[in-house]
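*Asks:* This is the structure I want to talk about, given as structure tokens.
Residue numbers (our numbering): 22 to 287.
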């Protein structure tokens with residue numbers, strides 16, 4: 022019997038410090054990791070720093086480019102077991118009058134459009150996986166917005182709403198899959214030539230299944246930021262290494278503790 026391959030995880034927005042830390046933590050934990058970004062040089066360097074991730078160049082805001090990337094992933098690597106969405110960016114201002122349309126358009130494209138494109142492309146893969154995971158990093162500003170971060174907080178809130186919709190879909194699909202598995206088991210052995218529908222039941226074992234989750238931070242910090250501003254304390258910030266270990270832990274946490282939840286990190 023062939024050994025079961027390690028889960029395949031796609032890190033979207035993998036060239037950032039957070040992307041490198043998450044990919045490195047996943048690689049160290051034995052996952053197969055794909056890391057995607059729009060700049061070939063940056064994503065290639067990030068994949069190397071992660072210690073074994075496979076770099077993919079893609080404009081994640083372009084649905085056709087994401088679809089083409091999905092086709093390539095399926096041909097070369099198989100189904101995606103998890104999507105960790107780290108594409109983002111910050112735009113702020115001093116008040117509502119400074120919340121420009123240009124900043125809104127940037128955030129909408131970078132944060133929300135890339136999330137919609139990638140989750141739609143890989144939803145079916147993740148829904149079929151017993152440990153399928155979708156995770157985003159959101160902000161404490163969603164629940165405590167200010168006039169100066171209104172654009173950013175509103176886009177992050179929309180991204181959280183999208184994740185809640187995914188969570189509802191994954192929960193519903195898990196119920197349908199479990200029911201189909203019970204029906205199959207009660208109907209006796211499959212006849213010759215029948216489709217291998219048992220994989221549906223196997224994809225949703227009792228007490229587990231896929232999950233979509235929001236990881237919430239005030240902000241992220243890494244060693245380069247500390248070195249650049251040694252006088253700063255970065256109070257309340259979450260180290261990217263902590264984010265990486267949190268992502269790894271999602272796969273050993275029951276789906277019921279994750280799906281649709283909003284988890285704040287220290």
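We put the beta carbon where it would ideally sit given N, CA and C, even for glycine. No experiment lies behind these values; they were computed from the predicted model shown.
Between 116, 115, 127 and 73, which has its C-alpha nearest residue 109's C-alpha?
*Replies:* In the chain shown, the residue the question calls residue 109 occupies position 88. The candidate whose alpha carbon is nearest that of residue 109 is 127.
*Asks:* Taking 9 Å as the CB-CB limit, is residue 238 close to chain B?
*Replies:* Among the protein chains of the structure shown there is no chain B, as only one such chain exists.
*Asks:* Using the Cα positions of residue 89 and residue 156, report the straight-line distance between them to the nearest angstrom.
*Replies:* For the purposes of this step, residue 89 is identified with residue 68 of the chain shown, where counting begins at 1. For the purposes of this step, residue 156 is identified with residue 135 of the chain shown, where counting begins at 1. Rounded to the nearest angstrom, the two C-alpha atoms are 22 Å apart.
*Asks:* With H, G and I counted as helix, E and B as strand and the rest as coil, what does DSSP make of residue 279?
*Replies:* Position 258 of the chain shown, counting from 1, holds the residue named residue 279. DSSP places residue 279 in coil when its eight states are reduced to three.
*Asks:* For residue 130 and residue 256, what's the separation of their Cα atoms in angstroms?
*Replies:* Counted from its first residue, the chain shown places residue 130 at position 109. Counted from its first residue, the chain shown places residue 256 at position 235. For residue 130 and residue 256, the distance between alpha carbons rounds to 29 Å.
*Asks:* Under the three-state reduction of DSSP, which class applies to residue 27: helix, strand or coil?
*Replies:* Counting from 1 along the chain shown, the entry for residue 27 is found at position 6. Looking at residue 27 - three-state DSSP - the assignment turns out to be coil, as it is neither helix nor strand.
*Asks:* Hey, how far is the Cα of residue 117 from the Cα of residue 234?
*Replies:* Taking the first residue of the chain shown as 1, we reach residue 117 at position 96. Taking the first residue of the chain shown as 1, we reach residue 234 at position 213. Residue 117 and residue 234: Cα-Cα distance of roughly 30 Å.
*Asks:* With a threshold of 8 Å, are at least 3 pairs of Cβ atoms found where one atom belongs to the stretch 242 to 253 and the other to the stretch 164 to 180?
*Replies:* Judged by Cβ distances under 8 Å, the stretch 242 to 253 makes no contact with the stretch 164 to 180, as fewer than three pairs qualify.
*Asks:* Does residue 4 pass the burial test, meaning 16 or more other C-beta atoms within 10 Å, or should it be called exposed?
*Replies:* As displayed, the chain neither begins before 22 nor continues past 287, which places residue 4 out of reach and without an answer.
*Asks:* Less than 9 Å between the C-beta atoms of residue 71 and residue 45, yes or no?
*Replies:* Looking up residue 71 in the chain shown gives position 50. Looking up residue 45 in the chain shown gives position 24. Yes; because the gap between Cβ atoms is below 9 Å, this pair is in contact.
*Asks:* Can you tell me the Cα-Cα spacing of residue 162 and residue 277, whole angstroms?
*Replies:* In the chain shown, the residue the question calls residue 162 occupies position 141. In the chain shown, the residue the question calls residue 277 occupies position 256. If you take the alpha carbons of residue 162 and residue 277, they lie about 26 Å apart.
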